[in-house]
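Some notes on the structure that comes next.
In the numbering used here, the protein residues as written are 34 to 422.
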């Protein structure tokens, strides 16, 4: 029930005649100067979710087959909570459930295109791969004020740690931290302009709850998933039992905040300094006095930039292990980090379970079986309906 996935559905297990019924939009590349017409490329198709009425976008790809091409794959980037319930105020975390829901939506779409129901039923989660996936962790706060304050604290902490959080054009309080193969986005939701609520009586309740939730989204790109063997949807079936969601949170989110060691914000006592070697003590005292890193004793003595870098790494690790001080962060900023607060705040929240008041309006573990049943009923009804010539 995570926020979004980019799915690729392999259609090649269906009969060729059925595949030809799948809607496809394409165009050709063209060089106007030479009147050269190149290969076709797929164009996006906008469709509507049968459950929520929200828009979805997909592309149909093909393979060469004489006498003409035949459809082979559908790729779609889907926001599943919105597609199924019209909003993403409260929802679960499961990538497998999101992928399964995406497949059900695409199967319904294929039946609407005229693909026989029996052919569509041949497609299972084994035919789905992930070209991208977002795990959305929901951290609950006491109220909106606390949620906003905590987002700003997290942003400030990351800046002190040397990251450059980028702004986001969302009207929510949002920031992104791009990394190699994934992006972490943090915000609390205040903009509901894209939401459609089927139950107006509960709309304000859902909005109020969303304002009190910090959303930490880990968007994993396709190559990141493939390198870890996580691109097959089936590989996520038992992800909770394997502890994968918690492991990813600890590695990518807590790791971003460097919470394997909680750094201090108060100067160490004299007793702690006694455990240091003479050189370590000299470095620490100069550091606490505000001496720039490159001017610290034993570091500035390096003959080359590479040598100084190695010396920095050596003393950084030693002093961090002994005193919980990162000498690469100026002490004035180190005191403002309040790493212990981050350690308490940035903890794996587990799956999110809406309560009895809103559960029927949410994409979550408890409500997904009912939503799936509705989708399948819509598909079977559409498949059974006779087509007009």
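Positions of the beta carbon are idealized from the N, C-alpha and C atoms, including for glycine.
Boundaries (first-last residue) of the beta strand (DSSP E) holding residue i
| i | result |
| --- | --- |
| residue 320 | Premise fails: residue 320 lies in the alpha helix (DSSP H), 311–321, not in any beta strand (DSSP E). |
| residue 206 | 206–211 |
| residue 165 | 161–173 |
| residue 54 | Segment: none, residue 54 is in no beta strand (DSSP E) and carries neither H nor E. |
| residue 217 | 215–221 |
| residue 39 | 37–43 |
| residue 80 | 78–81 |
DSSP-derived helix/strand/coil call for residue i
| i | result |
| --- | --- |
| residue 92 | strand |
| residue 145 | helix |
| residue 398 | coil |
| residue 334 | coil |
| residue 59 | strand |
| residue 409 | helix |
| residue 106 | strand |
| residue 184 | helix |
| residue 229 | coil |
| residue 270 | coil |
| residue 248 | strand |
Cα-Cα separation, residue i to residue j
| i | j | result |
| --- | --- | --- |
| residue 384 | residue 168 | 11 Å |
| residue 38 | residue 50 | 29 Å |
| residue 333 | residue 303 | 26 Å |
| residue 278 | residue 123 | 18 Å |
| residue 106 | residue 164 | 12 Å |
| residue 45 | residue 52 | 8 Å |
| residue 351 | residue 187 | 26 Å |
| residue 286 | residue 376 | 11 Å |
| residue 379 | residue 190 | 12 Å |
| residue 359 | residue 396 | 42 Å |
| residue 194 | residue 216 | 17 Å |
| residue 254 | residue 214 | 5 Å |
| residue 151 | residue 413 | 10 Å |
| residue 69 | residue 104 | Low local confidence applies: a pLDDT of 49 at residue 69 is under 50, so the model's placement there is unreliable, and no value is given. |
| residue 199 | residue 284 | 21 Å |
| residue 210 | residue 331 | 34 Å |
| residue 225 | residue 338 | 51 Å |
| residue 112 | residue 363 | 42 Å |
| residue 264 | residue 372 | 34 Å |
Beta-carbon spacing of residue i, residue j below 8 Å
| i | j | result |
| --- | --- | --- |
| residue 125 | residue 398 | yes |
| residue 294 | residue 192 | no |
| residue 218 | residue 170 | no |
| residue 175 | residue 247 | no |
| residue 173 | residue 245 | yes |
| residue 137 | residue 405 | yes |
| residue 411 | residue 48 | no |
| residue 268 | residue 262 | yes |
| residue 135 | residue 87 | no |
| residue 370 | residue 296 | yes |
| residue 148 | residue 42 | no |
| residue 128 | residue 272 | yes |
| residue 391 | residue 239 | yes |
| residue 166 | residue 258 | yes |
| residue 329 | residue 319 | yes |
| residue 381 | residue 290 | no |
| residue 326 | residue 141 | no |
When the options are compared against residue i, the one with the closest alpha-carbon
| i | options | result |
| --- | --- | --- |
| residue 89 | 40, 52, 147 | 40 |
| residue 55 | 38, 102, 37 | 102 |
| residue 231 | 115, 80, 242 | 115 |
| residue 424 | 75, 278, 348 | The structure shown does not extend to residue 424, since the chain is modelled only from 34 through 422, so no value can be given for it. |
| residue 314 | 353, 374, 47 | 353 |
| residue 117 | 400, 413, 415 | 400 |
| residue 178 | 138, 222, 307 | 222 |
| residue 220 | 317, 185, 318 | 185 |
| residue 93 | 415, 112, 389, 75 | 75 |
| residue 299 | 305, 368, 139, 344 | 368 |
| residue 78 | 109, 85, 104 | 109 |
| residue 58 | 35, 91, 85, 36 | 91 |
| residue 121 | 85, 141, 288, 256 | 85 |
| residue 158 | 183, 130, 306, 386 | 130 |
| residue 229 | 418, 417, 409, 394 | 394 |
Residue i, enclosing alpha helix (DSSP H) - first and last residue
| i | result |
| --- | --- |
| residue 279 | 277–281 |
| residue 378 | 372–378 |
| residue 197 | Element bounds for residue 197: n/a, residue is neither H nor E. |
| residue 118 | 113–118 |
| residue 240 | 233–244 |
| residue 390 | Per DSSP, residue 390 belongs to no alpha helix (DSSP H) and is neither H nor E. |
| residue 364 | 364–367 |
| residue 261 | Segment: none, residue 261 is in no alpha helix (DSSP H) and carries neither H nor E. |
| residue 152 | 150–153 |
| residue 304 | 303–307 |
Cβ-heavy atom distance, residue i to the ligand ATP, below 7 Å
| i | result |
| --- | --- |
| residue 224 | As for the ligand ATP, it is missing from this structure, which has no ligand bound. |
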